[in-house]
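A.B. asks:
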Amino acid sequence: MIAGVLLAAGAGRRFGAPKALVRLYDRPLVAWAAAALGGCDVVVVVLGAAAERVRGLVGPDGLVVVNPDWAGGMGSSLRAGLAAVPAEAEAAVVLTVDTPGIPRAAVERVAGGATPASLARATWDGVPGHPVVLGRDHWAGVRAVARGDVGARAYLRGREVRGVECGDLGWGVDVDTPADLDRLVELMRGGDG
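Here the UniProt record's numbering is used: the first residue of the sequence shown is 1, the next is one more, and so on.
1) In chain order, which continuous runs of the beta strand (DSSP E) of length 3 or greater are located wholly inside the stretch 78–110?
2) Let me check understanding here. Comparing Cα to Cα, which of Gly163, Pro18, Arg55 lies closest to aspartate 125?
3) If you compare alpha carbons, which of Arg143, Val161, Gly38 is closest to threonine 123?
4) Report, in whole angstroms, the separation of the C-beta atoms of valine 175 and valine 133, which I expect to be a contact under 8 Å.
5) Sort Asp69, Lys19, Val58, Asp98 by Cα distance to arginine 147 and report the nearest one.
6) Would threonine 115 be called buried (16 or more neighbouring beta carbons within 10 Å of its own) or exposed?
7) Enumerate in chain order the residues of its own chain whose CB-to-CB distance from glycine 170 is below 7 Å, with the five nearest sequence positions on each side excluded.
8) Using a Cβ-Cβ cut-off of 9 Å, state whether arginine 13 counts as contacting chain D.
9) List the whole-angstrom C-beta distance separating glycine 10 from glycine 72, where the pair is believed to meet the contact cut-off of C-beta under 8 Å.
10) What are the residues that DSSP puts in a beta bridge with leucine 7?
11) Could you check what DSSP says for glutamate 186 in three-state terms: helix, strand or coil?
12) Are glycine 81 and leucine 7 touching if we call contact CB-CB under 9 Å?
13) In this structure, does DSSP put tryptophan 171 in helix, strand or coil?
14) Let me know if tyrosine 25 comes out buried or exposed under the rule of 16 or more other beta-carbons within 10 Å of its beta-carbon.
15) Using 8 Å for Cβ pairs, my map puts valine 30 next to serine 77. What's the rounded Cβ distance?
16) For alanine 117, tell me which candidate among Val22, Glu165, Arg159 has the shortest Cα-Cα distance.
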């Protein structure tokens, strides 16, 4: 079993609104991310800011977890998400809500063949990004270092992480500001961003 873990708890301070609620082509970013994880056996959606408003956008298949410490940063949301993954899962595919240019095909490519020992991440034209695959053997170590706005980065540093190129499938652009969203729209329309 492969679980998806969607981190969607932030307030989106730089954006000016919770990014889970931001719309791209009249679809909220949380819906884009949930669709990207749609091939996973279960999807854990970690909410925080505006949780009740976002919950209704998740869909019936998402296992919603509300992180009471969401304001403390992505680390606490990653810990909450991993804690909610069913015991039979061999690996978790972690995706952030602010990467709507990442399609399901990229998630499937990165997660392909995942085992409890796996560490893998997408690269976008050679630049590491999301999604990140964390095999179950690594969860305790990730939870131990995931603090503040640092998710698994500190854990992955210095370890052998399989890079999986996905630049031919979509765009790994982080949407942190309205200008970033405009840039992604331009890329999706075939511009050079």
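Don't be surprised by glycine CBs; every beta carbon is placed ideally from N, CA and C.
Bear in mind that the values here come from a model prediction, so they are computed numbers and not experimental data.
C.D. replies: In short, the structure shows the following:
1) Counting whole runs of 3 or more residues, the stretch 78–110 contains the beta strand (DSSP E) stretches 91–96.
2) Closest in alpha carbon position to aspartate 125, among Gly163, Pro18, Arg55, is Gly163.
3) Ranking Arg143, Val161, Gly38 by Cα distance to threonine 123 puts Val161 first.
4) That pair is no contact at about 22 Å.
5) Proximity to arginine 147 across Asp69, Lys19, Val58, Asp98 peaks at Asp69, based on C-alpha coordinates.
6) So threonine 115 counts as exposed.
7) Excluding the 5 residues flanking it on each side, glycine 170 has same chain C-beta neighbours closer than 7 Å at Gly101, Ile102, Pro103, Ala106, in chain order.
8) Of the protein chains in this structure there is only one, and it is not chain D.
9) The C-beta distance from glycine 10 to glycine 72 rounds to 11 Å, too long to meet the 8 Å contact threshold.
10) Answer is Val46, Thr96.
11) Here DSSP, grouped into helix, strand and coil, assigns glutamate 186 to helix.
12) When the beta-carbon positions are compared, glycine 81 and leucine 7 come within less than 9 Å of each other.
13) Note: tryptophan 171 maps to coil in three-state DSSP.
14) So tyrosine 25 ends up on the exposed side.
15) About 13 Å separates the CB atoms of valine 30 and serine 77; that is not less than 8 Å, and the two are not in contact.
16) For the residues Val22, Glu165, Arg159, the minimum Cα distance to alanine 117 belongs to Arg159.
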